[in-house]
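Enquirer: I have a structure I would like to understand better, so I am pasting it below and will then ask my questions one at a time.
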DNA sequence: ATGAGTGCAAAGGCTTTGCATTAGG
DNA sequence: CCTAATGCAAAGCCTTTGCACTCAT
């Protein structure tokens, strides 16, 4: 499960900025998220990261969110799902299975991004919001749930 | 706060289908959501609906979700937010304030919808998902949080 | 009349926190 | 060395549930 060292470097720098350390557990957590390439719940993170206590998982996910390395992804239930920030993993959208709750990444396309940017501009003009990012999720049934 | 009776009719029909009753509390809840015209948290619903106990709010929101009258909207935190289903309120997208968590409705535009439909088709073809609906949320700062 | 809905309070489950210990820089 | 991070267990908080009572049809 080799992982581009540039990711670790970037994480280390962001943590150092606020006097936080890039410890072994934090590395493991980042590896887990990078390898998964899809948003994971805390139980999933704990299950796929050996010797990571639940409380450390919660605390480190929070810490990594604060430095912009990890972000929370909404599913259909209210379980938090987490993935590497788009700055590290690249911009993408999500496929959410409404039956089993699983969330998959899907790459963004230029044509779509242009349309979404237009929408952002319209909203800024009309409602006074300052739009900084967007989420585009497609909800439906994953292959497994389509063919049970 | 008059509300189009057609909404109540539609809700009544859907509840009757599964032998459930359109009680006074359920009417109040639907009124609250209709008037708000934005997704509300349970505490917000309770606060703006006189004599609605918290447990009834949770139970009725659940019931109304089961009959497709209400749906859950993801924000940035893990608090559930609820609004009338799009079938009753019309298709729209969301503006989420990343600072205060407030969620606003914003109408969908035809041009954007076309682009989103294209994206859905691509995903169905490539990843075998059956896409049934989408969510498009724009995240940023609401006017209040921009000018504190 | 009869089953669904209500309301209170208690139970549940995920998440956060306190505190003593360990380890990173 | 000195502060941050860890790990366990206890506390919190939102949400769900049990049970007796009330209401809608």
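Protein chains in written order, with this note's numbering: chain V, 1 to 148; chain Y, 1001 to 1148.
Where a beta carbon is used, it is the ideal one built from N, C-alpha and C, also for glycine.
1) Tell me whether residue 53/V is buried or exposed, calling it buried when 16 or more other Cβ atoms sit within 10 Å of its Cβ.
2) Inspect the CB distances between the segment 1052 to 1072 of chain Y and the segment 92 to 112 of chain V and report whether three or more fall short of 8 Å.
3) Per DSSP, what kind of secondary structure is residue 1124/Y in: helix, strand or coil?
4) When the distance is taken between beta carbons, is residue 1075/Y closer than 9 Å to residue 131/V?
5) Looking at the secondary structure, which residues open and close the alpha helix (DSSP H) in which residue 1149/Y lies?
6) Taking only three categories from DSSP, how would you classify residue 1084/Y?
7) Use the C-beta contact count for residue 224/V: other C-beta atoms within 10 angstroms, 16 or more gives buried, fewer gives exposed.
8) At a cut of 8 Å, does the segment 1037 to 1057 of chain Y reach the segment 1007 to 1022 of chain Y through at least three beta carbon pairs?
9) Do residue 78/V and residue 1117/Y have their CB atoms nearer than 9 Å?
10) Can you tell me whether residue 1067/Y is helix, strand or coil according to DSSP?
11) Give the single residue among 36/V, 9/V and 28/V whose Cα lies nearest to the Cα of residue 103/V.
12) Using a C-beta cutoff of 9 Å, does residue 125/V count as contacting chain Y?
13) From the beta carbon of residue 95/V, is the nearest beta carbon of chain Y less than 9 Å away?
14) Any Cβ of chain Y within less than 9 Å of the Cβ of residue 15/V?
15) I'd like to know if residue 68/V contacts chain Y, where contact means its C-beta is closer than 9 Å to some C-beta of that chain.
16) Who are the neighbours of residue 146/V on chain Y, taking C-beta pairs under 9 Å?
17) List the residues of chain V that residue 1104/Y touches, going by C-beta distances under 8 Å, in chain order.
18) When burial is assigned at 16 or more other CB atoms within 10 Å of the CB, is residue 1137/Y buried or exposed?
19) Please classify residue 1083/Y as buried or exposed, where buried requires at least 16 neighbouring CB atoms within 10 angstroms.
20) Output, in sequence order along the chain, the residues in the segment 1020 to 1038 of chain Y whose CB is closer than 9 Å to any CB in chain V.
21) What would DSSP say about residue 1134/Y, mapped onto helix, strand or coil?
22) Excluding the five sequence neighbours on either side, which residues of its own chain have a C-beta within less than 8 Å of the C-beta of residue 143/V, listed in chain order?
23) Looking at chain Y, is there any beta carbon in it that lies within less than 9 Å of the beta carbon of residue 101/V?
24) Residue 80/V to residue 145/V, Cα distance in whole Å?
25) What three-state label does DSSP hand residue 1079/Y in the structure shown?
26) With distances taken from CA atoms, which of 110/V, 106/V, 51/V and 47/V is nearest residue 1125/Y?
Expert: So, from the data block:
1) By 1-based counting over the first chain, the position of residue 53/V is 53. Classification of residue 53/V: exposed, given that the 10 Å Cβ count is below 16.
2) No, the segment 1052 to 1072 of chain Y does not touch the segment 92 to 112 of chain V.
3) Your numbering for residue 1124/Y matches position 124 in the second chain. Per DSSP, reduced to three states, the secondary structure at residue 1124/Y is helical.
4) Along the first chain, one-based indexing puts residue 131/V at 131. Along the second chain, one-based indexing puts residue 1075/Y at 75. No, Cβ-Cβ distance for residue 131/V and residue 1075/Y is not below 9 Å.
5) Chain Y is shown only over 1001 to 1148; residue 1149/Y falls outside these bounds and no answer can be derived.
6) Mapped onto the second chain, residue 1084/Y falls at position 84. Assigned with DSSP and collapsed to three states, residue 1084/Y falls in strand.
7) The shown model of chain V, from 1 to 148, leaves out residue 224/V, and the question about it has no answer.
8) The segment 1037 to 1057 of chain Y, when compared against the segment 1007 to 1022 of chain Y, does not touch it at the 8 Å Cβ threshold.
9) Translated into positions along the first chain, residue 78/V becomes position 78. Translated into positions along the second chain, residue 1117/Y becomes position 117. Judged by their CB atoms, residue 78/V and residue 1117/Y are not nearer to each other than the 9 Å cut-off.
10) Translated into the one-based positions of the second chain, residue 1067/Y becomes position 67. DSSP places residue 1067/Y in coil when its eight states are reduced to three.
11) Counted from its first residue, the first chain places residue 103/V at position 103. Here the closest residue by C-alpha is 36/V.
12) Position 125 of the first chain, counted from the start, is the residue given in the question as residue 125/V. Look at residue 125/V: its C-beta is not under 9 Å from any C-beta on chain Y.
13) As a working mapping, residue 95/V is identified with position 95 in the first chain. Judged by the 9 Å Cβ criterion, residue 95/V is in contact with chain Y.
14) Numbered from its first residue, the first chain carries residue 15/V at position 15. For residue 15/V, the answer is no, since every Cβ of chain Y falls outside 9 Å of its Cβ.
15) Position 68 of the first chain holds residue 68/V. Taking Cβ atoms only, chain Y never reaches closer than 9 Å to residue 68/V, which makes this a no.
16) To locate residue 146/V, count along the first chain from 1; it is residue 146. At a C-beta separation below 9 Å, residue 146/V has these neighbours in chain Y: 1128, 1129 and 1130.
17) Position 104 of the second chain, counted from the start, is the residue given in the question as residue 1104/Y. Contact annotation for residue 1104/Y against chain V: 127 and 129 [CB-CB distance below 8 Å, chain order].
18) As a first step, residue 1137/Y must be located in the second chain, where it is residue number 137. The residue is buried, with at least 16 neighbouring Cβ atoms inside 10 Å.
19) As a working note, residue 1083/Y is residue 83 in the second chain. With 16 or more other Cβ atoms within 10 Å, it is buried.
20) Interface annotation for the segment 1020 to 1038 of chain Y against chain V: empty, criterion Cβ-Cβ distance under 9 Å.
21) Numbered from its first residue, the second chain carries residue 1134/Y at position 134. Strand.
22) Position 143 of the first chain, counted from the start, is the residue given in the question as residue 143/V. Same-chain partners within the cutoff: there are none.
23) The residue labelled residue 101/V in the question sits at position 101 within the first chain. Look at residue 101/V: its C-beta is not under 9 Å from any C-beta on chain Y.
24) Position 80 of the first chain holds residue 80/V. Position 145 of the first chain holds residue 145/V. Going by the C-alpha atoms only, they are around 21 Å apart.
25) The count along the second chain starts at 1 and reaches residue 1079/Y at position 79. Secondary structure of residue 1079/Y (DSSP, three-state): coil.
26) Translated into positions along the second chain, residue 1125/Y becomes position 125. Ranking the options by Cα distance to residue 1125/Y, first place goes to 106/V.
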